[in-house]
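Counted the way the numbering used here counts, the sequence shown spans residues 110 to 477. For each residue, glycine too, the CB sits at the ideal point set by N, CA and C. Read through the structure below, which is laid out as structure tokens, and then see the notes.
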Amino acid sequence: MRTLRRLLAPVVALALIALATGLTGAQDLRGPIKIGVLYDLTGPFAAAGAVPGSIGTKIAIDMVNEKGGVLGKYRVQPIAGDSQSKPDVAINEAERLLSVEKVDILLGIYSSAIAVPLAEKVDKQKRVLWITIAISDAVFKGRDLKYAFRAQANGGQFGEISARFIADYAEERFKMKPQDVRGAIIYEDGPYGTGVAASGEAEMKKIGMKMVLKEGYSANSPDLASLVTKLKAARPDVLFHTGYNPDITLFLRQAKELGLRVKAIVGHGAGYGQYDKLREAFREDADHIFNVDPVASQLLDAKKYTSPDLGKIRDEFLGRYTKETGVDQIPPHASMGFNNTWILLTEVLPRAIQKHGGWSADAIQKAA
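Below, the structure is given as structure tokens:
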């Protein structure tokens, strides 16, 4: 499994974009800071990356609390919710966390199918939603959200980067000009897959790469054999795939059984980011799979960190994750859960408290 490290370097630099501005007033600062942590702990999204993301978030909160909390004095009280891989359950859980548990911030969200409807509902209540993983452009595009934030690359960038990656390496790897490469795009037909597919198609057109098939499917489909048959007829050199799990595993298994052959598969996170599971299921075939994702922490070059403290933080996270899970090939979703929670707890919340009077929605909005 090879990750597009160099290509993703400019993407991860987008980690803190100010999404809105606002005014804030005084707040009771006795704490604790109550954070609702909402991930898919059960259902198909759990193993596709949501559970690793939740563990990353937990580790970040634990590390901050062990030093006294935010700014060393405001402890974080996490309250967990399980969205069960279902948008309607996620909305109900979010309402429970916001209205019953009275959390100050709602954090997490793995699936864009959940993030898209949830972001608008939370924003209308003037409450903060801090998204750690979901990437769909549709979460923010054209919606003027003031209290929803994402310290994360968006789906449009994923699709663009994957097409550009193939174009950049076509001659070296395939002995083909980019314009001669036959590409196919398949995707789960929710906001996540649709957005990545659209940007990938647009970039392929710019490059002049041949599109031989573009087709969506339901992530809940029990059988993708007909899709594999269409791909065999289309004969792509490269397959761009955006899906969750178990649909990714189902597709790869049926593709192998039915004899689909391509020069490379480029995935876009989710199940393609679960390196250990791919290797276990498909062995050497995994060597021909590439994945577009923020770089997993263990793959980062510590020599390029702007501060030696960042390397120590990274190593502490990796050690704790391996100790808790027994996994040393840590998936990107775990790093995303940790990194994007860490940004909130050590950058945004301290700024909100020191400069804007607390951790109210307006204070966080101005600090982000």
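Q: Can you check the region 403-457 for any beta strand (DSSP E) of at least 3 residues that lies completely inside it and give the ranges in chain order?
A: none
Q) Between the region 302-314 and the region 253-271, do three or more beta carbon pairs fall short of 8 angstroms? A) yes
Q. What does a CB cutoff of less than 7 angstroms around residue 319 pick up in its chain, not counting 5 residues either side in sequence?
A. Here residue 319 refers to the residue found at position 210 of the sequence shown. Once the five neighbours on either side are set aside, the close Cβ partners of residue 319 are 290, 291 and 292.
Q: Could you check what DSSP says for residue 180 in three-state terms: helix, strand or coil?
A: Translated into the one-based positions of the sequence shown, residue 180 becomes position 71. DSSP places residue 180 in coil when its eight states are reduced to three.
**Q.** Start-end ranges of the beta strand (DSSP E) lying completely within the region 298-380, minimum 3 residues
**A.** 319-326, 347-351 and 373-376
(Q) Please report the distance separating the alpha-carbon of residue 132 from that of residue 437. (A) As a first step, residue 132 must be located in the sequence shown, where it is residue number 23. As a first step, residue 437 must be located in the sequence shown, where it is residue number 328. Residue placement at residue 132 is flagged as unreliable, the pLDDT there being 36, under the threshold of 50; the coordinate-derived value follows with that caveat. Their backbone Cα atoms lie some 44 angstroms apart in a straight line.
Q.
Only counting the same chain, and skipping five residues up and downstream in sequence, which positions put a Cβ closer than 6 angstroms to that of residue 213?
A. Position 104 of the sequence shown holds residue 213. Contacts found: 142, 143 and 468.
Q) Cα separation between residue 475 and residue 339? A) To locate residue 475, count along the sequence shown from 1; it is residue 366. To locate residue 339, count along the sequence shown from 1; it is residue 230. So the two alpha carbons sit approximately 50 angstroms from each other.
Q: Can you say whether residue 329 is buried or exposed, counting buried as having 16 or more other CB atoms within 10 angstroms of its CB?
A: Here residue 329 is taken as the residue at index 220 of the sequence shown, counted from 1. Exposed, by the Cβ-count rule.
Q. Unbroken alpha helix (DSSP H) runs of length 4 or more, entirely within the region 179-230: which are they?
A. 196-204
Q) Mind checking whether residue 166 and residue 187 have CB atoms under 9 angstroms apart? A) Residue mapping note: residue 166 aligns to position 57 of the sequence shown, counting from 1. Residue mapping note: residue 187 aligns to position 78 of the sequence shown, counting from 1. Yes, they are a contact pair.
Q | Range covered by the beta strand (DSSP E) that runs through residue 257 | A | Within the sequence shown, residue 257 is the residue found at index 148, counting from 1. Element bounds for residue 257: 257-259.
Q) Span of the alpha helix (DSSP H) holding residue 283? A) One-based indexing of the sequence shown puts residue 283 at position 174. That residue, residue 283, is in no alpha helix (DSSP H); it is neither H nor E in DSSP.
Q) Is it the case that the Cβ atoms of residue 194 and residue 151 are separated by a distance below 9 angstroms? A) Here the question's residue 194 lines up with position 85 in the sequence shown. Here the question's residue 151 lines up with position 42 in the sequence shown. Their beta carbons are under 9 angstroms apart, which means residue 194 touches residue 151 by this criterion.
Q: Would you mind stating whether residue 262 and residue 248 have Cβ atoms separated by less than 9 angstroms?
A: Numbered from 1 along the sequence shown, position 153 holds the residue referred to as residue 262. Numbered from 1 along the sequence shown, position 139 holds the residue referred to as residue 248. No, they are not a contact pair.
Q) In chain order, what residues of the same chain have a beta carbon less than 8 angstroms from the beta carbon of residue 184, not counting five sequence neighbours either side? A) Mapped onto the sequence shown, residue 184 falls at position 75. Counting only Cβ-Cβ distances below 8 angstroms, and skipping sequence neighbours, we find 140, 141, 142, 174, 177 and 178.
Q. Leaving out five residues before and five after residue 552 in sequence, what residues of the same chain have Cβ atoms less than 7 angstroms from its Cβ?
A. Residue 552 is absent from the model: the chain starts at 110 and stops at 477.
Q. Apart from the five residues on each side of it in sequence, which residues of its chain come closer than 6 angstroms, Cβ to Cβ, to residue 413?
A. Position 304 of the sequence shown, counted from the first residue, corresponds to residue 413. Closer than 6 angstroms at Cβ, skipping near neighbours: no residue.
Q.
With the cut-off set at 9 angstroms, would you say residue 219 and residue 148 are in Cβ contact?
A. Along the sequence shown, read from residue 1 onward, the residue named residue 219 stands at position 110. Along the sequence shown, read from residue 1 onward, the residue named residue 148 stands at position 39. Cβ atoms of residue 219 and residue 148: closer than 9 angstroms.
Q) In whole angstroms, what is the alpha-carbon distance linking residue 172 and residue 208? A) Counted from its first residue, the sequence shown places residue 172 at position 63. Counted from its first residue, the sequence shown places residue 208 at position 99. Near 28 angstroms, if we compare the C-alpha coordinates of residue 208 and residue 172.
Q) Measuring CB to CB, does residue 264 end up less than 9 angstroms from residue 295? A) The residue labelled residue 264 in the question sits at position 155 within the sequence shown. The residue labelled residue 295 in the question sits at position 186 within the sequence shown. Not a contact, by the Cβ cut-off of 9 angstroms.
**Q.** Span of the beta strand (DSSP E) around residue 170
**A.** In the sequence shown, counting from the first residue as 1, residue 170 sits at position 61. Per DSSP, residue 170 belongs to no beta strand (DSSP E); it is in the alpha helix (DSSP H), 160-174.
**Q.** Cβ contact (3+ pairs, closer than 8 angstroms) linking the region 332-348 and the region 221-235
**A.** no
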